[in-house]
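**Student:**
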Amino acid sequence: MAKFINYRNIDFKINSQNFYSSQINLSASASVDAVVLSDGSLLNYAPSSAVVGSLDCDFYLTGSLPSFLNVTGIDESAVSVSFADVTITGAYPKSISFNVEPFQPILISASFDWYGNVKVEGFKEQGVLKRLRKETPEYIANAYKSYLDKESIFGSSGQDGSSGGAGQAVDTLGDIVSFSYSSSCDRPSFFNVDEVIPSRVAKLNKQCEINLSSNNLGKLVSINGKNATTTIYLKDFYGTSLSSFQVSGVLSNQSYNVSNGQYLLAEASIQQTVTERKTLV
Amino acid sequence: MSYLLSGLNIQNISEYDYTQSYNKYDIIDFQLNAEKSIYPSYTGLGGTGLLFWFNNEYIESFDLDLNNNIISWKNKYAIIEDEDQQYANLLQLSDETLRPFVNFNNNYIELFEDQFLSGSGFDCPEKTIFICFNASSNQDNNSVQNIFRFDREDGWAESNFGTGPSGYLRIKGKDSLGESKIIIDEQEFNAICPIYDTLNIITLIQESGTSGPSGPVITIRQNGKELGNYYDYYSGWLSGFIKLGDTNNSNGVKYYDMFCFSGVLSESELDSYEKYLFEEYFDSDGLYFAKKDVPAGFSKSPLGYTGSDYWTRNIDDLFKLSYGSSAEFSAKLSKSNFGDGYQSNISRNINSLNSVFSLNYDGLTDAQAKCLITYFENTPEAKVKSLYEGFSGVSMNLFQPYKKNAELYFLDIDHSTPYNNINNISIKAESLYDSNLDYRGMLVQLDDLNIRTYSDDLEGFEYNDVVYVESIFFSERGYYYYTGAKTNGVISENNGPLGNDSHFTKEFYFKQDVDYSIPEQIRLVNIDYESSTKEYLKDGINYNNLEFNLSFSNRSNKEARALLKFFDDKAGFKIFRYTLPQPYNKEIDVYCPEWSHTYNFYNNNDIRVKFTQFKAKSLEFTNFNTKIDFVSI
Chain F
14 MAKFINYRNI
24 DFKINSQNFY
34 SSQINLSASA
44 SVDAVVLSDG
54 SLLNYAPSSA
64 VVGSLDCDFY
74 LTGSLPSFLN
84 VTGIDESAVS
94 VSFADVTITG
104 AYPKSISFNV
114 EPFQPILISA
124 SFDWYGNVKV
134 EGFKEQGVLK
144 RLRKETPEYI
154 ANAYKSYLDK
164 ESIFGSSGQD
174 GSSGGAGQAV
184 DTLGDIVSFS
194 YSSSCDRPSF
204 FNVDEVIPSR
214 VAKLNKQCEI
224 NLSSNNLGKL
234 VSINGKNATT
244 TIYLKDFYGT
254 SLSSFQVSGV
264 LSNQSYNVSN
274 GQYLLAEASI
284 QQTVTERKTL
294 V
Chain X
32 MSYLLSGLNI
42 QNISEYDYTQ
52 SYNKYDIIDF
62 QLNAEKSIYP
72 SYTGLGGTGL
82 LFWFNNEYIE
92 SFDLDLNNNI
102 ISWKNKYAII
112 EDEDQQYANL
122 LQLSDETLRP
132 FVNFNNNYIE
142 LFEDQFLSGS
152 GFDCPEKTIF
162 ICFNASSNQD
172 NNSVQNIFRF
182 DREDGWAESN
192 FGTGPSGYLR
202 IKGKDSLGES
212 KIIIDEQEFN
222 AICPIYDTLN
232 IITLIQESGT
242 SGPSGPVITI
252 RQNGKELGNY
262 YDYYSGWLSG
272 FIKLGDTNNS
282 NGVKYYDMFC
292 FSGVLSESEL
302 DSYEKYLFEE
312 YFDSDGLYFA
322 KKDVPAGFSK
332 SPLGYTGSDY
342 WTRNIDDLFK
352 LSYGSSAEFS
362 AKLSKSNFGD
372 GYQSNISRNI
382 NSLNSVFSLN
392 YDGLTDAQAK
402 CLITYFENTP
412 EAKVKSLYEG
422 FSGVSMNLFQ
432 PYKKNAELYF
442 LDIDHSTPYN
452 NINNISIKAE
462 SLYDSNLDYR
472 GMLVQLDDLN
482 IRTYSDDLEG
492 FEYNDVVYVE
502 SIFFSERGYY
512 YYTGAKTNGV
522 ISENNGPLGN
532 DSHFTKEFYF
542 KQDVDYSIPE
552 QIRLVNIDYE
562 SSTKEYLKDG
572 INYNNLEFNL
582 SFSNRSNKEA
592 RALLKFFDDK
602 AGFKIFRYTL
612 PQPYNKEIDV
622 YCPEWSHTYN
632 FYNNNDIRVK
642 FTQFKAKSLE
652 FTNFNTKIDF
662 VSI
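Here the protein sequences line up with chains F and X, keeping their order. Heads up, the first sequence is in my numbering, so the first residue is 14 and it goes up one at a time. Heads up, the second sequence is in my numbering, so the first residue is 32 and it goes up one at a time.
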């Protein structure tokens, strides 16, 4: 009979730090090519790249987001991830995202690439005592007090990135209904010969994006979009500040949706390509 | 700035400063010091004050006996005004058996054990002595090696004072920081650079104490760095007799250069003359690359005791190759066509392969890329291989299955940056000195690790294992390829390479990819009748000779090693049998003048080969595969 391992309050750690996770997915894939010989026989399956693992998880934000999860920063180092007696030492964060919906706790989604060995046959039933003794977090980020700073989003002059000028009406945002944030990057891996674990997992194409819904988005975008700078403040239910995320980019998509019996709802996305100036070497 | 730096296309490389710390992949130009090198007898600055100078620059520097043993080593500095002192010689004295031999191929003389050269007339109360030498290590670390001494005359001090007051320069101790000592008289100074089996410049500044310091003092410097002061030195230092050698070292001390100025030189003069010795004899100047973070301190300098822990010129200490590295081989043949499809191929020389490697270094940071590009640009500054050759190539480990001690000449570099702080570099390099006379192979070598020498007790075989079989019979000798089942034990004699039911083969047994194309062109002669038609005639016999390319894609490292060893062994011109695939299925003679290999990933290799059909009987005497053992008698 099949044995199912039951988990509650998943013990999930990143770099030895507890995260209160609601779900974790772990997968791995190998790239292989069949080698077929001239006599029609199959020689073997040859690896064309390393085994690349994928790890996706959702967790509640119970404090400030640690720097090692800043996927658009310059730190390329690996983090160690452990859950359910499984430990991966070579995990590389590549995206985080969250939605802020009215009165909802904020769940962070993070995804990682991972390389190297992972022992997956050692899954064990979660200890009851261990589960019961697990500390409960003091703070959990909640949409109730969290907000996006809409006042300064288009700057004080209401510039739209293309013209602006004196006498122009100030561009403003209406009441924000909900918003989401995501930051991501690609993690290309580089290997030394005779090795199957990468010597470097770099970062490129670093992006941040905010999607927001509001009852008004001000003026329509021009060909250059609208320069937009804003900060998301995440707080717990009682207003304790936990973390903030700044995006300084361009509002490029803007839509107004009106349907019978519904309110007018405008949606927009602010995108930022994250760069850093080269350090002179 | 060193001329080296001005020749590079890279900015922000500075001359080494031991008071600074450096980061991994930093590059320095090591020049000992920032002063200009000055020849000791250079008079452009006025009188030199040069008291004596002994070096090995010219044969005229020596008086020799009939056995090329040194009667005298002449003082290079001629004192014109005083004919008697023009050649104040250092002479080997009474015992002719102790005379040192001079080897004109070397720029030093070597004195063993109790060999010595001595002479008089070098007295000066204040002087600055420079000596460049290389002392061999001794098994007994505590034994003291004499470098030279001053005295009133030979044996005078021994007869009058026992242990002094000769003025001695000596070395002793285990060759490590804190244990090796440079000794003046009885005063020990901790050496800051290795003292054995490497060149050293020792500078002694002898002051009488009549001016400046409060008493007689000798300041000692090793390779330009002051070690300390020694007060109240023995009276021998004031005398004019010098004894060079009597080293107490059976392995010998090499003397390169020694000169002395009267009086005390300035700091810049000291630097300049030390720089002269450094540039003349050392091979340590030029660029170094930090293989880890370097703290400040002289002992971390390239000449210092721990310098080799931090600085390197070995590319393997800095970078590892990436997948995608590849190699291309083509044989350098003199081909003769005899008609009727017959031909002969003669290897032009013993380096019969043109071997070009494409060395990939991917995913480098900007600092790593700067380091590698600088390394590439600086390769022509390597020391000259010999009087008859150009500069040395880069010694490095190649990727599998090629040899680990390859010497490559870097030719081209291709640098691309797909994103900020990500750099991909590919270097094209050529290997020149791989001889087809080497029975171990040219680039895929018998190493007794991956390719083993066969013996009856050799254990463990897998499909595609390669072994070398030694035999007095040429037909039996050579490389064999295992085609049997995997076994951990030994192979029975019957199944051995020379057995009747052998599980080994010397033939080409590899199977190419399922997709192949074999073009064929009939060799015809045509007569073109003007304004009419053509007439085709067959060009003698053997008009259907084939020339085709085959692919062996995604092959394991073991199969790639066997394949590439097979072609390496054939050296681009040796003939072997090959069975054409379906629908031909005929066994023909071919040779493989060109092939290429790309290391895609672990256990994933692409090999492309070109086979040319050879219409003549395979004669084994076309192989030159003699193993020559050199033995000392």
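For every residue, glycine included, the Cβ atom is placed at its ideal position computed from N, Cα and C.
Taking a contact to mean a Cβ-Cβ separation below 8 Å, would you say Arg608(X) touches Asp620(X) in this structure?
**Tutor:** Yes, these two residues count as a Cβ contact at 8 Å.
**Student:** Cα separation between Tyr511(X) and Leu480(X)?
**Tutor:** Their Cα atoms are separated by approximately 15 Å.
**Student:** How many Å lie between Gln237(X) and Tyr312(X) at the Cα?
**Tutor:** Straight-line Cα distance between these residues: approximately 25 Å.
**Student:** With a cut-off of 8 Å, does the C-beta of Tyr494(X) fall near any C-beta of chain F?
**Tutor:** Not an interface residue.
**Student:** To be precise: take each residue of the region 607-625 of chain X, compare its Cβ to all Cβ atoms of chain F, and keep it if any distance is under 7 Å. Which residues remain?
**Tutor:** Taking 7 Å as the Cβ-Cβ cut-off against chain F, the residues of the region 607-625 of chain X that qualify are Pro612.
**Student:** At the 8 Å Cβ level, is Gly171(F) part of the contact set with chain X, yes or no?
**Tutor:** Per-residue confidence for Gly171(F) stands at a pLDDT of 46, beneath the threshold of 50, marking its modelled position as unreliable; the derived number appears in the next sentence. Not one chain X Cβ lies under 8 Å of Gly171(F).
**Student:** How is Ser103(X) classed by DSSP in three states: helix, strand or coil?
**Tutor:** Three-state DSSP puts Ser103(X) in a strand.
**Student:** Considering only the beta carbon of each residue, do Ala156(F) and Leu74(F) sit closer than 8 Å?
**Tutor:** No, Cβ-Cβ distance for Ala156(F) and Leu74(F) is not below 8 Å.
**Student:** Within 10 angstroms of its Cβ, does Tyr561(X) collect 16 or more other Cβ (buried), or is it exposed?
**Tutor:** In the sequence on display, residue 561(X) carries Glu and not Tyr. The residue in question, Glu561(X), is exposed, as its Cβ has fewer than 16 Cβ neighbours within 10 Å.
**Student:** Cα separation between Arg554(X) and Asn376(X)?
**Tutor:** Roughly 20 Å between the two C-alpha positions.
**Student:** Pick helix, strand or coil for Cys70(F), following the three-state DSSP scheme.
**Tutor:** Looking at Cys70(F) - three-state DSSP - the assignment turns out to be strand.
**Student:** Who pairs with Cys291(X) in a beta bridge, going by DSSP?
**Tutor:** Cys291(X) is bridged to Phe83(X) and Ile160(X).
**Student:** Note the first and the last residue of the continuous beta strand (DSSP E) segment covering Trp268(X).
**Tutor:** Trp268(X) -> no beta strand (DSSP E), and no H or E assigned at all.
**Student:** How far does the alpha helix (DSSP H) with Leu129(X) in it reach, from first residue to last?
**Tutor:** First-last for Leu129(X): undefined, no H or E at that position.
**Student:** As a quick exercise: from Gly255(X), Phe164(X), Leu384(X) and Glu184(X), pick the residue whose alpha carbon is nearest that of Tyr227(X).
**Tutor:** With distances taken between Cα atoms, Tyr227(X) lies closest to Phe164(X).
**Student:** Restricting to Cα atoms, I'd like to know which of Pro211(F), Val287(F), Leu293(F) and Lys147(F) is closest to Asn83(F).
**Tutor:** Comparing Cα positions, the closest option is Val287(F).
**Student:** Does any C-beta atom of chain F lie closer than 8 Å to the C-beta of Ala398(X)?
**Tutor:** Output row for Ala398(X): interface = yes.
**Student:** Just checking: is the beta-carbon of Pro8(F) within a distance shorter than 8 Å of some beta-carbon in chain X?
**Tutor:** Examination of residue 8(F) is not possible in this model, given that chain F is present from 14 through 294 alone.
**Student:** Please report whether the beta-carbon of Phe632(X) lies at a distance below 8 Å from any beta-carbon of chain F.
**Tutor:** Chain F contact via Cβ: present.
**Student:** With DSSP collapsed to three states, give me the class of Gln399(X).
**Tutor:** Three-state DSSP puts Gln399(X) in a helix.
**Student:** Cβ of Pro106(F) less than 8 Å from any chain X Cβ?
**Tutor:** Chain X contact via Cβ: absent.
**Student:** Let me make sure I understand the geometry here. Which of Arg592(X), Ala437(X) and Ile549(X) has the alpha-carbon closest to that of Pro614(X)?
**Tutor:** Per the Cα distances, Ile549(X).
**Student:** Go through the region 309-338 of chain X residue by residue and report every complete run of the beta strand (DSSP E) that reaches 3 residues or more, in order.
**Tutor:** Counting only runs of 3 or more, we get 317-321.
**Student:** Whole angstroms are fine: how far does the CA of Phe25(F) sit from the CA of Leu489(X)?
**Tutor:** Going from the Cα of Leu489(X) to the Cα of Phe25(F) covers about 51 Å.
**Student:** Assuming Ile453(X) contacts Phe407(X) (C-beta within less than 8 Å), just tell me the rounded distance between them.
**Tutor:** About 18 Å; that fails the 8 Å criterion.
**Student:** According to a CB-to-CB cut-off of less than 7 Å, which residues of the region 535-562 of chain X neighbour chain F?
**Tutor:** Within the region 535-562 of chain X, the qualifying residues are Lys542, Gln543, Asp544, Val545 and Tyr547.
**Student:** For Ile453(X), return the contacting residues in chain F, with the cut-off set at a CB-CB distance below 8 Å.
**Tutor:** Pro201, Ala215 and Leu217, listed in chain order.
**Student:** For Lys143(F), name the three-state secondary structure that DSSP assigns.
**Tutor:** Residue state, collapsed to three classes: helix.
**Student:** I want to verify the contact list: residues of chain X whose CB lies under 9 Å from the CB of Val287(F), in sequence order.
**Tutor:** By Cβ distance, chain X contributes nothing, its closest Cβ being about 10 Å from Val287(F), past 9 Å.
**Student:** So Asn455(X) and Ser447(X) are in contact, right, with Cβ under 8 Å, and what is the actual spacing, rounded?
**Tutor:** With a Cβ gap of about 5 Å, Asn455(X) and Ser447(X) count as contacting.
**Student:** Could you tell me the distance, in whole angstroms, from the CA atom of Phe441(X) to the CA atom of Glu461(X)?
**Tutor:** Answer to the nearest angstrom: the Cα atoms are 7 Å apart.
**Student:** Does Gly178(F) come out as helix, strand or coil in the three-state DSSP assignment?
**Tutor:** With a pLDDT of 41 at Gly178(F), under the threshold of 50, the modelled position of this residue cannot be trusted, and the question is left open.
**Student:** Using DSSP with H/G/I as helix, E/B as strand and the rest coil, what is Thr194(X)?
**Tutor:** If DSSP states are grouped into helix, strand and coil, Thr194(X) belongs with coil.
**Student:** Is it right to say Glu141(X) is buried, meaning 16 or more other beta carbons lie within 10 angstroms of its own, or is it exposed?
**Tutor:** Flag for Glu141(X) reads buried.
**Student:** Let me know if Ile23(F) comes out buried or exposed under the rule of 16 or more other beta-carbons within 10 Å of its beta-carbon.
**Tutor:** Under this definition Ile23(F) is a buried residue.
**Student:** Just reading off the beta strand (DSSP E) that Arg608(X) is part of, what are its end residues?
**Tutor:** First-last of the beta strand (DSSP E) with Arg608(X): Phe607 to Thr610.
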